[in-house]
Amino acid sequence: MEPEETDASEVRGQAGDRDQPDRVSRKSRQTAGLLGLIGGGLGLHNFYLGRMRKGACQVLLSAVCWFLAVRFNLVFSPFIAYFWGMIEGVLILASHNGSPWHRDARGLELLDS
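Position 68 (the sequence shown) corresponds to 68 in UniProt numbering; numbering is contiguous.
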């Protein structure tokens, strides 16, 4: 049995295709950065960019921090998750083409407008 030949256009959309600079995501850098600044503790920017595991980790961390705040009166613990998200939001907003913070989960460059 002979292997099937694949067309180059079929291969372009695969997740392992991270080194093609001509491919651009439909996700906006400004939107991702603002979601990180506003709702970063809940991982909204990571869900927007398709990074589901990282977003779920941030939601879990937020839940644990809020539990600690309520149960043990640790007032500043909820801010841990929000600082993480805010820092990522700033990194996304300050990113430039080619940097890892300027890509979505599939490795495509984010839109700048």
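Glycine included, each C-beta is placed from N, C-alpha and C at the ideal position.
Here SER25 carries a strand assignment [DSSP, helix/strand/coil]. Rounded to the nearest whole angstrom, the CA to CA distance from ASN46 to LEU37 is 12 Å. Restricted to the region 70 to 105, the alpha helix (DSSP H) segments that are unbroken, complete and at least 4 residues in length are 78 to 93, listed in chain order. If you look at LEU108, you'll find it isn't in any beta strand (DSSP E); DSSP assigns it neither H nor E. Within 10 angstroms of the beta-carbon of GLY98 lie fewer than 16 other beta-carbons, which makes it exposed.
Inter-segment contact for the region 24 to 42 and the region 99 to 110 is present: three or more beta-carbon pairs are separated by less than 8 Å. In this structure, DSSP gives ARG51 a state outside helix and strand, which the three-state scheme calls coil.
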